[in-house]
Amino acid sequence: MVVDPAHPPEVIPVLKSHIDSGKINLKAIINTHHHHDHAGGNDGILKQFGKLPVIGGSDKCLSVTKIPKHGETFKIGERINVTALHTPCHTKDSVCYFMEDGDQRAVFTGDTLFIGGCGRFFEGSATQMNHALNEILAKLPDDTKVYPGHEYTKQNVEFCLEVSKSEPIKQLQAFAEKNKQTQGKFTIGDEKLHNVFMRVNDPEIQNATKKTDPVDVMHALREWKNNMPAKPVVQKI
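Under this note's numbering, think of the first position of the sequence shown as 25, with each following residue one higher.
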């Protein structure tokens, strides 16, 4: 399967290489939500590889053929068990996909959960994001590897350090400084330690936001991050 193949010119050569070498057998396209930078490449993949099921959260996802219900389970191929987790907030049709292959577990979170952060509340509320992160994703096994839709870890760490100077956040910062890619390198258990959006019940985070209700803490964190000034772009001459 391929998740959120937004840019076919980049994705197709990689898929063809793996298919030709026998490493994969492409069975489906999966979308975490309908935004063009996630679902915009569906038709390009279909044109190249032929008819495939396209799984997404709504008919806003291009060429979608299956819209799974929350908690619905299905198989990709013979080995991968998938559970669809509806996590509306960033978009109304945001879905995270928890996958198990033997004793290996992963969750593809799109723009709901990032390493050290979360997506903007474009079509939802703090109540919904708190439910998504801290009542749905937080209940997955701690060893579940996290695959977000974007590599925003360095920016997220900067914000987390504004809120908390905890050791797990410092460790995440050190890793992000040395590694360009962090997808799949951290787990749900890690996120519950270094991601301030998953620490809304932590007295340290409540003190930093001057809120105690988890939803109020979530709202305060998101507003705080939204209002952080963007760093100027340094141009090399």
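Backbone N, C-alpha and C define an ideal beta-carbon position, used for all residues, glycine too.
Can the beta-carbon of residue i be found closer than 8 Å to that of residue j?
i: Asp265; j: Thr211; result: Not covered by the structure: residue 265. The range shown for the chain is 25 to 261.
i: Ile120; j: Thr136; result: In the sequence as presented, Ile is not what sits at residue 120; that position holds Cys. Yes, these two residues count as a Cβ contact at 8 Å.
i: Phe138; j: Pro192; result: no
i: His94; j: Leu109; result: yes
i: Thr111; j: Ala156; result: yes
i: Val220; j: Asn154; result: no
i: His174; j: Ser118; result: no
i: Ala150; j: Lys216; result: no
i: Lys169; j: Gly208; result: yes
i: Gly64; j: Leu86; result: yes
i: Ile14; j: Ser188; result: Since the first residue shown for the chain is 25 and the last is 261, residue 14 is missing from the structure and cannot be characterised.
i: Val78; j: Leu50; result: no
i: Phe145; j: Lys249; result: no
Could you pull out every residue in the same chain whose Cβ sits closer than 7 Å to the Cβ of residue i, ignoring the five residues on either side in sequence?
i: Leu23; result: Given that the chain is displayed from residue 25 to residue 261, the structure contains no residue 23 and the question cannot be resolved.
i: Asp61; result: Ala30
i: Val257; result: With a pLDDT of 43 at Val257, under the threshold of 50, the modelled position of this residue cannot be trusted, and the question is left open.
i: Ile48; result: His42
i: Gly68; result: Pro32
With a 10 Å radius around its C-beta and 16 neighbouring C-beta atoms as the bar for buried, classify residue i as buried or exposed.
i: Ile53; result: buried
i: Pro37; result: exposed
i: Lys99; result: exposed
i: Ala198; result: exposed
i: Thr206; result: buried
i: Lys202; result: exposed
i: Arg246; result: buried
i: Lys260; result: The predicted position of Lys260 is uncertain, since its pLDDT is 42 and thus under 50; no value can be drawn from it.
i: Asp127; result: exposed
i: Asn251; result: exposed
i: Pro227; result: exposed
i: Asn158; result: buried
i: Gln72; result: exposed
Quick check on residue i: does DSSP put it in helix, strand or coil?
i: Val220; result: helix
i: Phe199; result: helix
i: Leu86; result: coil
i: Ala108; result: strand
i: Thr211; result: strand
i: Ile271; result: The shown model of the chain, from 25 to 261, leaves out residue 271, and the question about it has no answer.
i: Ile69; result: helix
i: Lys249; result: helix
i: Thr97; result: strand
i: Ile36; result: helix
i: Ile229; result: helix
i: Ile48; result: coil
i: Gln259; result: Below a pLDDT of 50, predicted positions are generally treated as unreliable, and Gln259, at 43, falls in that range; the measurement from the model is reported next regardless. In the structure shown, Gln259 sits in coil (DSSP, three-state: anything other than H, G, I, E or B).
What does a CB cutoff of less than 6 Å around residue i pick up in its chain, not counting 5 residues either side in sequence?
i: Gly143; result: His114, Asp135 and Thr136
i: Gly80; result: Asn55 and Val88
i: Glu147; result: Thr115 and Lys116
i: Val181; result: Gly140, Leu196, Gln197 and Ala200
i: Ile104; result: Met123 and Asp125
Under 8 Å Cβ to Cβ from residue i, same chain only, skipping five residues before and after it: list those, please.
i: Gln179; result: Gly141
i: Arg129; result: Phe122, Met123, Leu164, Pro165, Asp167, Thr168 and Lys169
i: Asp83; result: Ile91
| said: My parser needs the alpha helix (DSSP H) runs of 4 or more residues fully inside the stretch 121–191; what are they? | reply: Unbroken alpha helix (DSSP H) stretches of 4 residues or longer found wholly inside the stretch 121–191: 150–155 and 177–187, given in chain order.
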